[in-house]
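Chains as they are written, first to last, in my numbering: chain A, 2 to 443; chain B, -13 to 606. The beta-carbon is built from N, C-alpha and C at its ideal position, and this holds for glycine as well.
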Amino acid sequence: MDEEIDTRKINNSFLRDHNYATEADIISTVEFNPTGELLATGDKGGRVVVFQREQESKNQPHRRGEYNVYSTFQSHEPEFDYLKSLEIEEKINKIRWLPQQNAAYFLLSTNDKTVKLWKVSERDKRPEGYNLKDEEGRIRDPTTITALRILLQPMDLMVEATPRRVFSNAHTYHINSISVNSDYETYMSTDDLRINLWNLEITNRSFNIVDIKPANMEMLTEVITAAEFQPSQCNTFVYSSSKGSIRLCDMRASALCDNHSKLFEEPEDPSNRSFFSEIISSISDVKFSHSGRYLMTRDYLTVKVWDLNMESKPLETYQVHDYLRSKLCSLYENDCIFDKFECVWNGSDSVIMTGSYNNFFRMFDRNTKRDVTLEASRENSKPRAILKPRKVCVGGKRRKDEISVDSLDFSKKILHSAWHPSENIIAVAATNNLYIFQDKVN
Amino acid sequence: MQHKSKMAGADGDDSLYPIAVLIDELRNEDVQLRLNSIKKLSTIALALGVERTRTELLPFLTDTIYDEDEVLLALAEQLGNFTMLVGGPEYVHCLLPPLESLATVEETVVRDKAVESLRKISQEHSPVDLEVHFEPLVKRLASGDWFTSRTSACGLFSVCYPRVSSTVKAEIRQHFRTLCSDDTPMVRRAAASKLGEFAKVLELDYVKSDIISLFTALASDEQDSVRLLAVEACVSIATLLPQEDLETLVMPTLRQAAEDKSWRVRYMVADKFSELQKAVGPEITKNDLVPAFQNLLKDCEAEVRAAAANKVKEFCENLPEDSRETIIMTHILPCVKELVSDTNQHVKSALASVIMGLSTILGKDNTVEHLLPLFLAQLKDECPEVRLNIISNLDCVNEVIGIRQLSQSLLPAIVELAEDAKWRVRLAIIEYMPLLAGQLGVEFFDEKLNTLCMAWLIDHVYAIREAATCNLMKLVEKFGAEWAQNTIVPKVLGMANDPNYLHRMTTLFCINALSEVCGQDITTKQMLPVVLKMSNDQVANVRFNVAKSLQKIGPVLDSNALQTEVKPVLEKLDTDTDMDVKYFAQEAISGKYTTLSIFFLYEVASLGPLHLVILIHFSP
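As structure tokens, then:
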């Protein structure tokens, strides 16, 4: 792991204008496509930017692994629900790629209420030689038309994004996740209280598969925070809750999956009990490993790996930033305690990555049990240079290169990140910047 | 075809101009124009002539598959009818390249249409062309990189298989086998859904050797969505095989599907049960399907029970006659009894929609002894849909045991539905009233149901009042004018003095509906005076409805009454201060037939009379 991290160099950072970061530019989701050739980001302004990996070329071998903008489009617009007098933000909450089915690429993007299916495709020919117009575009005299022409000419490659389906009006609460099923036919969308199942081709009908809304909303004690399908078994999915539990459901058993088949939950340690216990145990993200055997969950201070065959406690627990435990009170006051950090697996499920504050992100090697803190910042790292591990000092003497807990910047947080499906390339979103790191440069 | 020599290439021919427009519009920015042009593709081809259609138009079309779905869909459809336009069957293979491209696009409807057109033109290929041009295309699609092309290939095997040589046949079988074990579930689903169709064109030996193993594999696929499609294939395969092979080749898989872990697969079995029953024949039905059906009726998933409940009648009807009654009484009826008190209302209402049909199968005695208690229980069900479904199927029971047996329980059920808080439930029961009236007879009706029918006239929902009006008309059609005169007309006319203007208007609407069925005598002597009196109503809405009613009942009245009574009133209304009243009075005087519909946006009785808010005119 050490070696891998030491040789990791900054390869490329996608730079938007750093000094003029507006709210709309803040990246709200990052996702690689199933082959890793493309990377998509969504932002608070409702835009989706798709990056394409530079192909290897003999002239510029070092460019291999760089991602360049492939297509940018406005996925969602701000809306207003007149019936409920609610503003609907355009912020992209999640992006999920579909497996590739032809030369075009497809992705699902969602804001709080509406999921959209986008097609990103290339066009390299355009029609030419009209019958009614001459080369300069002047209308020809109809009587001079003696022959008919039909022609297409090659042109510069153009990438277009077209909305193919709009899945709307199915969620009363805010959508927090979407997940594509391994049957390539359905996907689910999850809001605070319900999970709906959609057919990718049908927009006017969805099936409710989980509903935890109590008859009386005053009895509400728990909300759904994330949900995901098992990567290869079409009938299994999990959802996590604000109470720190994860439920695994089998869609074969019944049409409505309100009764889970497994409940993953760790009994609370009474010695650690405090006013904040419940808040920090809320799960902000849940991910199946690529193998489908493990689950990873992120709560405020830790990331946990669960074996699907053991419900009573997690297999592994990693401290992300335990030094914040003493600062929970001030984190509560500035609302940071409600931040929703995501977590990701590497391609072989051996390393996991998740974010922290001060633009730090953490990696844990599950085999060697080593961990590292890295920083995504333009000031402290130059392109193509090795990324140095960072250390946070807790009390006592602060050594050189260490940063004290009190000087962490809580406004710089890394909530969203993604790992290339097979290679050691990671994409890290730090407010309005996207950093792409790679373990080696050719 | 005659035009081609005249038009193509004729110098300065005016007729080229419209074609030039069409061709240019194929490339217009506006989708609608492109779509219009594509729909006239045959005109363009006709103008270009067969040769230029082949060499210029078709390559152009092959390249336009970037277009919008609706344009592509239209194109895929057009090309299926293009054989003559490219020069007849001899050249039909020229259509393959554009259709091949269309068969690989990601939009399912376009792909399906392209496959449909390919299937169509495959019939126009000569056996030689089929092997030289068509079959290679199928192979290319079947081994394409993207699953879209492979799914399309699945639909083409069955059309070329019967017409090719035995070596090519072997290749086709091999391709189909490969696609059945494709990596992507989409392709396996496509293969599973075409398995039955492909089996039909195969030689019986290959069905046994090839298809059965593919069927077994697909039926135990890891994806639920594939397994459930195998159930459908099961029906066609079972039909093809001789009875003695079914037990060993099909039944193990079918039994497994009926007990599948996934409720969606079991649902599919329940949904296809009648077809399966016919396909496997009476013996296997008795031994295997009866227990399987019992299990489906007791399934833990309500969706499955509802699907099975829907099939109860059909299943029982199709049982072999010699043992039908025994099977129903000992095996099916106990399950049905349990379903009557199911926890899920969809299951109960599915059952209620078919259960009455069992009485014709079981005959009078069994019906009275066993089914009647169930009907009565369902008539008291808490869910209105269940009760409605029973009432709507009363005719089946009526034939077997007569409705009297039920009437004592029927009445409370009807009364309760008639007063249901949901107006749609009330509406549904009103619609069954004429049917019930016919079956129960006039005495029972007068005694028990007449009050209900009148009560609906003053319902607070307009749709109910409207349906009640229409119901009265149908009742009069059944029971006759004399009955109307004695029972309903006095009550209707009595409402003309109601303090609520909406009820007064209901009188008018009833008169509109009843005048014709009641005839001239009743209309002139009893109804007309009331209508005329209402022309002095203080509410303008009532007054202009008087004008409309007069116009409506005019044809029923004698000319004397029209001249002496109706005309003066209309003339008076014509001078009304309200412009709507004036308008309708004029309409009535001029005698023009008009279908004016009026919608009251807000109809809140407690707010007092409201004026016309929106007037929508539909010209006659």
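Item                                                                                                                                                                            : Value
Taking the alpha helix (DSSP H) that G424 (chain B) falls in, what are its first and last residues?                                                                             : W409 to L426
For a test of the three-state rule: what should DSSP assign to H79 (chain B), helix, strand or coil?                                                                            : helix
By a C-beta neighbour count over all protein chains shown, 10 Å radius and 16 as the cutoff for buried, is A156 (chain B) buried or exposed?                                    : exposed
At a Cβ threshold of 7 Å, is E11 (chain B) touching chain A?                                                                                                                    : no
Hey, does Y185 (chain A) have any beta-carbon neighbour from chain B nearer than 7 Å?                                                                                           : yes
Per DSSP, what kind of secondary structure is R127 (chain A) in: helix, strand or coil?                                                                                         : strand
Using a cut-off of 7 Å between C-beta atoms, extract the partners of F133 (chain B) located in chain A.                                                                         : Q102
Could you name the residues of the stretch 199 to 227 of chain B whose beta carbon sits closer than 7 Å to any beta carbon of chain A, in the order they occur along the chain? : Q209, D210 and S211
How would you list, in chain order, the residues of chain B whose beta-carbon sits under 7 Å from the beta-carbon of L133 (chain A)?                                            : A6, V7 and D10
How many angstroms separate the CA atom of D125 (chain A) from the CA atom of F52 (chain A)?                                                                                    : 19 Å
Can you tell me whether T163 (chain A) is helix, strand or coil according to DSSP?                                                                                              : strand
Please confirm whether C235 (chain A) has its beta-carbon closer than 7 Å to some beta-carbon of chain B.                                                                       : yes
Spatial neighbours of A254 (chain A) within its chain, please: CB distance less than 6 Å, with the 5 preceding and 5 following residues excluded, ordered by chain position.    : none
Determine the direct distance from the alpha carbon of G540 (chain B) to that of K578 (chain B), and round the result to whole angstroms.                                       : Model confidence at K578 (chain B) stands at a pLDDT of 42, short of 50, so the residue's coordinates are unreliable; what they give is reported in the following sentence. Rounded to whole angstroms, K578 (chain B) to G540 (chain B) spans 12 Å at the Cα level.
Can you tell me whether DSSP reads K214 (chain A) as helix, strand or coil?                                                                                                     : coil
Using DSSP's beta-bridge definition, name the partner residues of G43 (chain A).                                                                                                : A:T30 and A:V49
CB-CB under 8 Å to N436 (chain B), same chain, minus the five flanking residues each way: which ones, in chain order?                                                           : T473 and I474
Any contact of the stretch 181 to 194 of chain A with the stretch 210 to 222 of chain A, i.e. 3+ C-beta pairs under 8 Å?                                                        : yes
With L215 (chain B) and R175 (chain B) assumed to form a contact (beta carbons below 8 Å), what rounded beta-carbon distance in angstroms separates them?                       : 6 Å
Please list, in chain order, the residues of the stretch 26 to 50 of chain B that have any C-beta partner in chain A closer than 8 Å.                                           : A33, L34, R38, E42, L43, F46, D49 and T50
Tell me whether G141 (chain B) is buried or exposed, calling it buried when 16 or more other Cβ atoms sit within 10 Å of its Cβ.                                                : buried
Roughly how many angstroms lie between the CA atoms of A363 (chain B) and V326 (chain B), to the nearest whole one?                                                             : 8 Å
I404 (chain A) bridges to which residues according to DSSP?                                                                                                                     : A:V393
Any chance the stretch 179 to 188 of chain A sits against the stretch 193 to 211 of chain B, with 3 or more Cβ pairs inside 8 Å?                                                : yes
Give me the chain B residues within the contact set of K126 (chain A), using Cβ-Cβ distance strictly less than 7 Å, ordered along the chain.                                    : D49
Name, going along the chain, the residues of the stretch 169 to 180 of chain B whose beta-carbon falls closer than 7 Å to a beta-carbon of chain A.                             : T170, P171 and M172
Beta-carbon within less than 7 Å of K25 (chain B)'s beta-carbon, same chain only, minus the 5 sequence neighbours each way: which residues are those?                           : A60
Report the start-end ranges of each beta strand (DSSP E) in the stretch 77 to 113 of chain B that is 3 residues or longer and not cut off at the edges.                         : none
Beta carbons nearer than 9 Å to chain B: which residues of the stretch 197 to 213 of chain A have them?                                                                         : E202
Going by other Cβ atoms of all chains shown within 10 Å of its Cβ, with 16 needed for buried, is L158 (chain A) buried or exposed?                                              : exposed
Is the Cβ-Cβ distance between A265 (chain B) and A224 (chain B) less than 7 Å?                                                                                                  : yes
Can you find at least 3 beta carbon pairs, one from the stretch 378 to 388 of chain A and one from the stretch 320 to 334 of chain A, that sit closer than 8 Å?                 : no
Is the beta carbon of A31 (chain B) less than 7 Å from the beta carbon of T39 (chain B)?                                                                                        : yes
Taking the straight line between their C-alpha atoms, what separation do you get for V78 (chain B) and L123 (chain B)?                                                          : 13 Å
Three Cβ pairs or more, each shorter than 8 Å: is that satisfied between the stretch 80 to 94 of chain B and the stretch 130 to 141 of chain B?                                 : yes
What three-state label does DSSP hand T191 (chain A) in the structure shown?                                                                                                    : strand
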